[in-house]
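A short worksheet on the structure shown next.
There are 2 protein chains.
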Amino acid sequence: MIRINENFLSMEKNYLFIDIAKRLAAYTAAHPDKPLIRMGIGDVTLPLAPAVVTAMKKAADEMGVKETFRGYEDSGAGYAFLREAISGYYKTLGADVSTDEIRVNDGAKSDCGNITDIFSRDNTVLMTDPVYPVYADSNRMAGRNILYADSDESNGFAAMPDKYVRADIIYLCSPNNPTGSVYTKEQLEKWVAYALVSEAVIIYDSAYEAFITDPSIPRSIYCIEGAKRCAIEMCSLSKTAGFTGVRCGYTVIPDELVVKASDGRDVKLADLWARRQGSKFNGVSYPVQRAAEAVFTEEGQRQIRENIHYYQRNAMVIANTLDELGIKYTGGINSPYIWLKCPGGMGSWEFFDYLLDKVQVVGTPGEGFGRNGCGWFRLTSFNSYENTVEAMARLKTLDI
Amino acid sequence: MIRINENFLSMEKNYLFIDIAKRLAAYTAAHPDKPLIRMGIGDVTLPLAPAVVTAMKKAADEMGVKETFRGYEDSGAGYAFLREAISGYYKTLGADVSTDEIRVNDGAKSDCGNITDIFSRDNTVLMTDPVYPVYADSNRMAGRNILYADSDESNGFAAMPDKYVRADIIYLCSPNNPTGSVYTKEQLEKWVAYALVSEAVIIYDSAYEAFITDPSIPRSIYCIEGAKRCAIEMCSLSKTAGFTGVRCGYTVIPDELVVKASDGRDVKLADLWARRQGSKFNGVSYPVQRAAEAVFTEEGQRQIRENIHYYQRNAMVIANTLDELGIKYTGGINSPYIWLKCPGGMGSWEFFDYLLDKVQVVGTPGEGFGRNGCGWFRLTSFNSYENTVEAMARLKTLDI
Chain A
103 MIRINENFLS
113 MEKNYLFIDI
123 AKRLAAYTAA
133 HPDKPLIRMG
143 IGDVTLPLAP
153 AVVTAMKKAA
163 DEMGVKETFR
173 GYEDSGAGYA
183 FLREAISGYY
193 KTLGADVSTD
203 EIRVNDGAKS
213 DCGNITDIFS
223 RDNTVLMTDP
233 VYPVYADSNR
243 MAGRNILYAD
253 SDESNGFAAM
263 PDKYVRADII
273 YLCSPNNPTG
283 SVYTKEQLEK
293 WVAYALVSEA
303 VIIYDSAYEA
313 FITDPSIPRS
323 IYCIEGAKRC
333 AIEMCSLSKT
343 AGFTGVRCGY
353 TVIPDELVVK
363 ASDGRDVKLA
373 DLWARRQGSK
383 FNGVSYPVQR
393 AAEAVFTEEG
403 QRQIRENIHY
413 YQRNAMVIAN
423 TLDELGIKYT
433 GGINSPYIWL
443 KCPGGMGSWE
453 FFDYLLDKVQ
463 VVGTPGEGFG
473 RNGCGWFRLT
483 SFNSYENTVE
493 AMARLKTLDI
Chain B
103 MIRINENFLS
113 MEKNYLFIDI
123 AKRLAAYTAA
133 HPDKPLIRMG
143 IGDVTLPLAP
153 AVVTAMKKAA
163 DEMGVKETFR
173 GYEDSGAGYA
183 FLREAISGYY
193 KTLGADVSTD
203 EIRVNDGAKS
213 DCGNITDIFS
223 RDNTVLMTDP
233 VYPVYADSNR
243 MAGRNILYAD
253 SDESNGFAAM
263 PDKYVRADII
273 YLCSPNNPTG
283 SVYTKEQLEK
293 WVAYALVSEA
303 VIIYDSAYEA
313 FITDPSIPRS
323 IYCIEGAKRC
333 AIEMCSLSKT
343 AGFTGVRCGY
353 TVIPDELVVK
363 ASDGRDVKLA
373 DLWARRQGSK
383 FNGVSYPVQR
393 AAEAVFTEEG
403 QRQIRENIHY
413 YQRNAMVIAN
423 TLDELGIKYT
433 GGINSPYIWL
443 KCPGGMGSWE
453 FFDYLLDKVQ
463 VVGTPGEGFG
473 RNGCGWFRLT
483 SFNSYENTVE
493 AMARLKTLDI
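So the protein sequences, as listed, match chains A and B.
For reference, each letter of the first sequence is one residue, going 103 to 502 in our numbering.
For reference, each letter of the second sequence is one residue, going 103 to 502 in our numbering.
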């Protein structure tokens with residue numbers, strides 16, 4: 103008789119976005135004359151850059167001609183042309199990542215969840231609270247023990263390691279989703295030192311690195327000395343180049359990342375991951391890889407930068423408004439997210455209802471991301487400039 | 103200290119294609135004047151259908167315009183337009199599959215491996231020998247016990263259930279890779295009955311269904327009464343429409359497929375899979391989904407049929423030659439694969455070297471797919487017509 107993986111049964115459903123949708127539906131039904139401004143959007147809204155569209159169409163044409171048709175990609179790790187482009191991009195970030203250390207994927211979320219396949223179940227996992235739910239859920243499915251490091255007002259929502267806490271797998275995300283906080287070089291050095299001492303592996307999610315404007319903030323964990331011996335980095339073109347619907351990202355497992363097996367032999371994590379992907383993944387669509395390659399050209403970089411600047415201007419509008427209102431927040435700079443303290447001691451959901459009812463502005467209650475999110479609230483910079491300005495004008499009319 | 107998943111260490115490397123590549127490289131170096139004909143190709147060679155290319159380019163254009171841009175796909179299960187097209191296609195196969203039972207993926211290999219996440223580790227897995235290595239490898243990674251049902255000459259390489267063998271998860275592939283055998287309706291009825299009695303789940307790989315020409319052979323497991331209570335079906339556009347480099351497939355988990363948890367509650371496998379995919383997958387590229395939709399239009403079906411007929415003609419050329427030479431085989435009809443008995447009692451590798459040396463024709467030694475493949479050999483119909491004819495002419499010159 104077949105038995106299911108019962109770890110699934112103990113997982114709470116993620117009600118956050120369902121709850122939000124329900125409340126919005128009820129409000130809209132009762133007030134059809136009051137249009138909402140959605141400032142909780144976690145998705146990009148600007149179209150693909152022209153260079154990206156052109157590259158994808160050219161590749162589609164190639165696939166329609168026998169001489170240029172491409173079938174299975176031999177290794178499934180990504181075509182050399184794209185891995186070389188990514189390796190070159192890392193150089194501009196001040197990190198040395200070779201093409202062989204990169205595997206292209208269909209978005210960071212897949213690898214972020216699937217990477218746990220190569221680790222034993224009995225590892226202890228450490229992640230921050232609040233946290234992007236995927237890190238927790240993919241480890242709960244495997245039945246792993248999870249510890250949380252508190253990200254809260256006292257540390258600027260950027261949790262640091264505690265030497266009395268032992269962990270084997272550490273998830274870090276900077277710029278952070280949902281709090282918009284970023285780790286400084288010194289902070290990342292402490293995490294790397296902690297991981298090396300603990301012989302732990304850091305899974306570093308750099309999906310929002312393109313939003314970093316402060317040149318002193320590392321845009322890759324590999325800007326840190328020693329990180330290649332303890333960290334896997336996952337990045338994505340979703341927010342960098344608006345690829346949320348195109349689906350392409352990349353994972354770096356450095357050659358030096360070697361772990362001892364129980365029989366004493368040295369095992370390269372990159373080899374395990376290649377074995378895993380070899381059996382469970384068949385590579386990324388060729389036209390998508392050509393589209394991704396275009397992102398890293400001079401023209402592509404210029405075009406995607408325009409979109410990022412557009413979102414950054416929105417973030418600035420929000421940050422300036424919060425400054426004016428005397429509301430505390432993290433993010434806004436170096437990040438598309440703004441994480442604010444609900445004014446007047448309101449709870450997350452209380453503030454959600456308040457904003458909806460008074461000014462029809464929608465955000466995301468922070469407690470949906472963990473207990474340290476109670477009393478906090480996430481706004482994003484992904485709406486249009488006009489809507490962002492209008493939403494902030496409405497906020498200023500409130501007695502908060 | 104981090105511990106790896108040591109199941110990986112006990113997995114043999116898949117040397118088959120590496121070994122083949124080495125022998126070919128050595129032969130070519132020694133005989134640069136003797137060009138090879140590769141009849142072991144497991145990949146398609148004809149380009150995408152024009153309707154598919156047009157649809158993909160149109161979607162790429164949509165992604166470049168703000169009004170038609172698409173970001174994250176809400177459910178990640180596939181757009182309704184594609185799931186409706188697939189559901190409609192199932193009707194033409196005589197199977198009733200609703201849009202809600204379908205999830206679109208980036209190819210059958212991913213789901214085939216990842217589906218095991220929703221099952222407990224202590225299930226016993228049954229698969230045929232010879233077998234597509236992905237079924238075995240993905241379960242070895244999870245540490246599951248695997249039993250093999252012998253597919254051999256005595257049963258036409260179509261293993262049937264043994265009521266004295268207990269299994270919880272059963273992999274079936276028809277038309278079969280590598281043996282080209284197909285299950286009849288009566289045979290599939292026996293497998294479904296066996297699964298229902300054992301309360302087992304069948305994972306049915308129908309990736310080659312489009313090659314079936316005999317109307318009495320089911321092209322979906324759901325053509326069998328009761329299958330919706332015990333079977334998950336995985337299909338792919340890789341071989342149907344030349345999507346090996348485009349990456350799109352689909353998995354069906356019927357609504358009726360309900361399993362009892364240890365606390366007695368009924369759990370729908372589709373719900374577990376949706377939860378798994380919700381945390382570890384973000385949907386398929388929009389332009390790829392539009393390309394896939396085009397496959398199911400009248401024009402698309404007509405165009406992909408032309409390609410399939412081309413490969414079927416090649417298969418016929420091979421089959422006729424083997425008939426003429428009095429060599430036993432399965433497949434060729436209803437399948438792009440031809441699985442032949444090495445003449446003169448030769449072993450798989452012996453015959454490989456013999457063909458290479460005498461006539462420079464390359465195939466795949468059957469023992470790479472399991473012990474019942476010893477003494478057998480796989481040819482495929484994916485080379486050009488001209489090369490297939492030439493390879494068979496060369497075979498006829500041999501004293502076999």
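Yeah, the Cβ is synthetic: ideal placement off N, Cα and C, and Gly gets one too.
A contact is defined here as three or more CB-CB pairs under 8 Å, and the region 163 to 179 of chain A meets this definition with respect to the region 151 to 163 of chain B.
Restricting attention to A:448, A:441, A:331, A:493, the CA atom closest to the CA of residue 471 of chain A is found in A:441. A Cβ-Cβ distance of about 7 Å is found for the pair residue 244 of chain A and residue 109 of chain A, placing them in contact under the 8 Å criterion. Between the alpha carbons of residue 373 of chain A and residue 352 of chain A lies a distance of about 16 Å. With respect to chain B, the C-beta atom of residue 271 of chain A has a partner C-beta closer than 8 Å.
For the 8 Å CB-CB criterion, residue 457 of chain B and residue 420 of chain B do not form a contact. Boundaries of the beta strand (DSSP E) harbouring residue 351 of chain A: 351 to 354, taken from the DSSP string.
In the three-state reduction of the DSSP assignment, residue 402 of chain A falls in the helix class, which pools H, G and I.
Not a single CB atom of chain B sits nearer than 8 Å to the CB of residue 409 of chain A.
Nearest Cα to residue 172 of chain B within the set A:146, A:170, A:186, A:158: A:146. The beta carbon of residue 138 of chain A sits closer than 6 Å to the beta carbons of 462, 464 from its chain, once the five residues preceding and following it are set aside; these are given in chain order.
Chain order gives the chain B residues near residue 301 of chain A as 103, 104, where near means a beta carbon separation below 8 Å. In this structure, B:494 is the residue among B:347, B:240, B:355, B:494 with its C-alpha nearest to the C-alpha of residue 417 of chain B.
Here residue 287 of chain A really is in contact with residue 320 of chain A; their C-beta atoms are around 5 Å apart, less than 8 Å.
In the DSSP assignment, residue 479 of chain B forms a beta bridge with B:442, B:467. Look at the beta carbons and you see the region 222 to 238 of chain A touching the region 247 to 263 of chain A: at least three pairs across the two are nearer than 8 Å. Chain A has no Cβ within less than 8 Å of the Cβ of residue 312 of chain B.
Take residue 212 of chain B, set aside five residues on each side of it, and no residue of its chain has a beta-carbon closer than 7 Å to its own. Cα atoms of residue 467 of chain B and residue 141 of chain B: separation of roughly 12 Å, rounded to the nearest angstrom.
Within the region 157 to 208 of chain B, the runs of alpha helix (DSSP H) that reach at least 4 residues and sit entirely inside it are, in chain order, 182 to 194.
By the criterion of at least three beta-carbon pairs nearer than 8 Å, the region 309 to 320 of chain A is not in contact with the region 350 to 367 of chain B.
Taking the CA atoms as reference points, residue 218 of chain A sits about 46 Å from residue 134 of chain B.
Rounded to the nearest whole angstrom, the C-alpha separation of residue 369 of chain A and residue 299 of chain A is 18 Å.
For residue 329 of chain B, no CB of chain A lies under 8 Å from its own CB, so it is not counted at the interface with that chain. The straight-line gap separating the alpha-carbon atoms of residue 423 of chain A and residue 434 of chain A is approximately 11 Å. Residue 332 of chain A sits in coil when the DSSP states are folded into three classes, being neither helix nor strand.
Proximity of the region 331 to 350 of chain B to the region 403 to 412 of chain B meets the contact definition, three or more beta-carbon pairs being nearer than 8 Å. Identification of chain A residues near residue 206 of chain B by a Cβ-Cβ cut-off of 8 Å yields none; the smallest Cβ-Cβ distance measures about 12 Å.
Looking at B:191, B:360, B:120, the one whose alpha-carbon comes closest to that of residue 104 of chain A is B:360.
Looking at the DSSP output, residue 227 of chain A shares a beta bridge with A:248, A:271. Listed along chain A is no residue with a C-beta nearer than 8 Å to that of residue 196 of chain B; the closest approach is about 27 Å. Along the region 218 to 230 of chain A, going in chain order, the ones with a CB nearer than 7 Å to a CB of chain B are 219, 220, 221, 222, 224, 225.
When the alpha-carbon of residue 502 of chain B is set against those of B:448, B:486, B:485, B:158, the nearest one is in B:448. In the three-state scheme derived from DSSP, where H, G and I count as helix and E and B as strand, residue 431 of chain A is classed as strand. In the DSSP assignment, residue 306 of chain B falls within the beta strand (DSSP E) that extends over 303 to 307.
From the listed residues A:316, A:209, A:114, A:188, the smallest Cα separation to residue 396 of chain A is found for A:188.
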